[in-house]
Amino acid sequence: MTPIALITGANKGIGFATAQQLGARGATILAGARDATLGERAERDLRAAGVNATFVQIDVTDEASIASAAEWIGKEYGVLDILINNAGIARGDGDGRPSQTTLATLRTVYETNVFGVVAVTNAMLPLLRKAAAARIVNVSSEVGSIGSMTDPASPLYPMASVPYPSSKTALNMITAMYAKELRDTPIKVNAANPGYCATDLNGRHGFRTPEQGAAVSVHLATLPADGPTGQLWGHLWVAGAADEASADATGVLPW
Ligand code: NAP
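Below, the structure written as structure tokens:
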């Protein structure tokens, strides 16, 4: 039996690349997308690339769609080995400074990046518990790391914004708390830092590729039994590196 992997937001960007890479390693990919047309296109593209992929409609802000997806996966497979909470959005107000933030924007970002992850994880946990050794990967960010964002030596230090960074900080704590609850089970829960990747999320300004970002999620989704749980792991943005694009170091980041 090949591992069954659900990836939210798999129709493009890092999520699509994650589906490609996990699929190439033999996993059965449930390609989550909120839009049926985009999801079906992703399914076609993945299959054309030799991946055993099936589109699953899932809007992480819509509890009914989450429940339907969980029910369908349960009926079809009876188990879920890998959950990658990848869907995410970035929004800002005005010039992006904290003082410009509106509650409407904050709520919108939290609905997807924070509440959506808890809703999807709780809906999928009964299926994840049925797997021999499930892996949960929450796609977070270095900008959610309070340690990095407040370190004057960090390249991230100049950034000051509330909605997206604080949503990933909340996601980091959520990751740590699920890891704690599940520490006596074979399930591992980790947060991924893909690094700054060129995707629609940032107007394609990132200096890493979606494939490089996806490799971080794949690593955490395929951890061995003695691998870590409850960590933020991934790309390390090396301060002062001559060429950020070549700074491809990975490791544990501070929460
Ligand atoms: P992207 O290309 O914009 O992809 C985001 C994906 O999330 C899309 O498939 C999008 O679907 C989906 N999505 C958004 N809202 C959703 C919802 N309510 N329900 C289901 N799916 C939803 O961005 P990306 O860069 O690949 O982002 C993937 C993850 O990486 C995010 O969690 C992001 O925060 C994280 N991340 C990205 C970077 C970076 O530099 N790119 C860095 C650190 C972390 P639609 O096509 O329908 O909008």
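Here the sequence shown stands for residues -14 to 240, where the numbers follow the working numbering. C-beta atoms are modelled at their ideal positions from N, C-alpha and C, and glycine is treated no differently. Bear in mind the structure is a predicted one, so any value in this text is a computation, not a measurement.
If residue i sits next to residue j, beta carbons under 8 Å apart, how far is it from one beta carbon to the other, in whole angstroms?
| i | j | result |
| --- | --- | --- |
| P195 | G(-2) | 5 Å |
| I(-11) | L15 | 7 Å |
| L208 | K173 | 6 Å |
| L65 | A118 | Going by Cβ atoms, the distance from L65 to A118 rounds to 12 Å, so no, they are not a contact pair. |
| L217 | V237 | 7 Å |
| A177 | S125 | 6 Å |
| V201 | G219 | 4 Å |
| L112 | G191 | About 33 Å; that fails the 8 Å criterion. |
| I241 | V105 | Residue 241 is absent from the structure shown; the chain starts at -14 and stops at 240. |
| I159 | V103 | 6 Å |
| I121 | Y163 | 7 Å |
| T(-13) | A12 | 6 Å |
| I67 | A206 | 5 Å |
Under a Cβ-count criterion, where at least 16 other Cβ atoms within 10 Å of its own Cβ denotes burial, should residue i be classed as buried or exposed?
| i | result |
| --- | --- |
| P137 | exposed |
| Q85 | exposed |
| N187 | exposed |
| R92 | exposed |
| Y142 | exposed |
| R241 | Residue 241 is absent from the structure shown; the chain starts at -14 and stops at 240. |
| R10 | exposed |
| E61 | exposed |
| M109 | buried |
| A210 | exposed |
| L88 | exposed |
| A2 | buried |
| M97 | Sequence inspection shows Thr at residue 97; the Met mentioned does not correspond to that position. With 16 or more other Cβ atoms within 10 Å, it is buried. |
Pick from the options: whose alpha carbon is nearest that of residue i?
| i | options | result |
| --- | --- | --- |
| T43 | A12, G73, K173 | Per the sequence shown, residue 43 should be read as Ile rather than Thr. Among A12, G73, K173, the Cα nearest to that of I43 belongs to G73. |
| N70 | G0, L238, Q197 | G0 |
| P83 | V147, P140, P111, K115 | V147 |
| V223 | P140, R168, Y181 | P140 |
| G101 | V45, F40, G212 | V45 |
| A161 | S130, A34, D185 | S130 |
| A145 | T235, I67, A(-5), G79 | G79 |
| N(-4) | T13, G24, Q5 | G24 |
| V41 | G(-6), Q6, T106, E48 | G(-6) |
| A4 | G35, T214, M(-14), L113 | G35 |
| K165 | S50, T214, V105 | T214 |
| A183 | N175, P171, D169, G198 | G198 |
| L221 | A206, V128, A38 | V128 |
| D47 | R19, G81, D169 | R19 |
| P179 | T97, T135, N123, T39 | N123 |
| N247 | R168, G63, N175 | Residue coverage of the chain in this structure runs from -14 to 240, which leaves residue 247 outside it and unanswerable. |
| W240 | R114, L(-9), T135 | T135 |
Give the list of continuous beta strand (DSSP E) stretches no shorter than 3 residues that lie fully inside the segment 127 to 215.
173 to 178
Just to confirm the assignment: which complete beta strand (DSSP E) runs, minimum length 3, are found wholly within the segment 60 to 110?
67 to 70
Kindly provide the ranges of any alpha helix (DSSP H) runs that are 4 or more residues long and lie completely inside the segment -4 to 73, ordered along the chain.
-2 to 9, 21 to 33, 48 to 61
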